[in-house]
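Chains as they are written, first to last, in this note's numbering: chain D, 803 to 921; chain E, 803 to 921.
Backbone N, C-alpha and C define an ideal beta-carbon position, used for all residues, glycine too.
Notes follow once the structure below has been shown.
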DNA sequence: CGACGTCGTCGATGTTTATCGAACAGCTCT
DNA sequence: AGAGCTGTTCGATAAACATCGACGACGTCG
């Protein structure tokens, strides 16, 4: 019995080992990632802020969960291809992948951001 | 200690006890409902068919799951406010709630339906 | 009436997810 | 060096979810 593979399938094909390529974005996965109240408000807050590190984003989105939980959600959004992380020093700066999402799913992001704030 | 309430909160406020009112549609819930490969293709198939009973819809969407599972998914979509069920005789006819979704989340449905068939 | 077709519900099972705290690693600043 | 901040990962737990087969309700067709 061979050892279980180490690499995450989501990552194998991908260029940088973290963010899926535009061509790899799957609609169901994007929608599932956004289908959570916390992650949705996170994305809406990020759209306002433009770019932000995790701590500020979490505060700005008004999320009271623990940091580890937020880290988990951030990962889900990243793996779905919704946001991009750029590490600088000890901080991780997040941005919405607006262009990529628009290229692959035209109008989707606008519709979601324009929607009444999560309510 | 009082007994737990019997009624599903999703249903209590609602007019007909099955379909949420337009004003009750929650974006996160809609997205979560669509964030499943099977349900997404179901909705896309339903958009093509216009109206369909469950059996035909399931076949047309190419879903091989059991009927009880499909029934479950259909319920999720219904409770999220994405489709409407009209019972006639022994059959249940399903339609997309296009107008309601457009009214509440303009552009969302179009973006989703226009997207490359689930891939 | 009786067979069949269409569906929802129930109970069980296995998987995925959300959540937390603890521990850890890397930067920054003094 | 040492304290503090930023953020991830791990292990545990509980809740939610997808899935199935069996059953029952109801309509329809012969």
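Item: Against chain E, which members of the stretch 906-917 of chain D pass a CB distance test of less than 9 angstroms?; Value: 906, 907, 908, 909, 910, 911, 912, 913, 914, 916, 917
Item: Tell me where the alpha helix (DSSP H) around residue 866/D begins and ends.; Value: From DSSP, residue 866/D is part of no alpha helix (DSSP H); its letter is neither H nor E.
Item: Along the alpha helix (DSSP H) that carries residue 845/E, what are the first and last residues, could you check?; Value: 839-851
Item: Can you pull the chain E residues whose beta carbon is under 8 angstroms from the beta carbon of residue 833/D, in chain order?; Value: 833, 834, 836, 837, 842, 914
Item: Buried or exposed: residue 807/E, going by 16 or more other Cβ atoms within 10 Å of its Cβ?; Value: Note on residue 807/E: pLDDT 33, under 50, position unreliable in the model; the coordinate value appears next. The residue is exposed, with fewer than 16 neighbouring Cβ atoms inside 10 Å.
Item: Measure the C-alpha to C-alpha separation of residue 865/D and residue 874/D and round it to an integer number of angstroms.; Value: 13 angstroms
Item: For the putative contact between residue 835/E and residue 841/E, defined by C-beta atoms under 8 angstroms, what is the C-beta separation to the nearest angstrom?; Value: 6 angstroms
Item: Assign residue 985/E to buried or exposed, taking buried as 16 or more other Cβ atoms, counted over all protein chains shown, within 10 Å of its Cβ.; Value: Summary: the structure shown does not reach residue 985/E, with chain E confined to residues 803 through 921, and so no result is reported for it.
Item: Kindly say whether residue 813/E, judged by its beta-carbon, lies nearer than 8 angstroms to any beta-carbon of chain D.; Value: Its pLDDT being 32, under 50, residue 813/E is placed unreliably in this model, and the value from its coordinates should be taken loosely. Not one chain D Cβ lies under 8 angstroms of residue 813/E.
Item: For residue 888/D, which residues in the same chain have their Cβ closer than 6 angstroms to its Cβ, ignoring the five residues on either side in sequence?; Value: 895
Item: Rounded C-beta distance between residue 909/E and residue 909/D? I'm assuming under 8 angstroms.; Value: 5 angstroms
Item: The beta strand (DSSP E) with residue 829/D in it runs from where to where?; Value: Taken as a continuous stretch (DSSP letters only), residue 829/D belongs to no beta strand (DSSP E), being part of the alpha helix (DSSP H) at 829-836.
Item: Tell me whether the beta-carbon of residue 829/E lies closer than 8 angstroms to the beta-carbon of residue 917/D.; Value: yes
Item: List, in order along the chain, the chain E residues whose C-beta lies closer than 8 angstroms to that of residue 830/D?; Value: 836, 837, 838, 839, 842, 920
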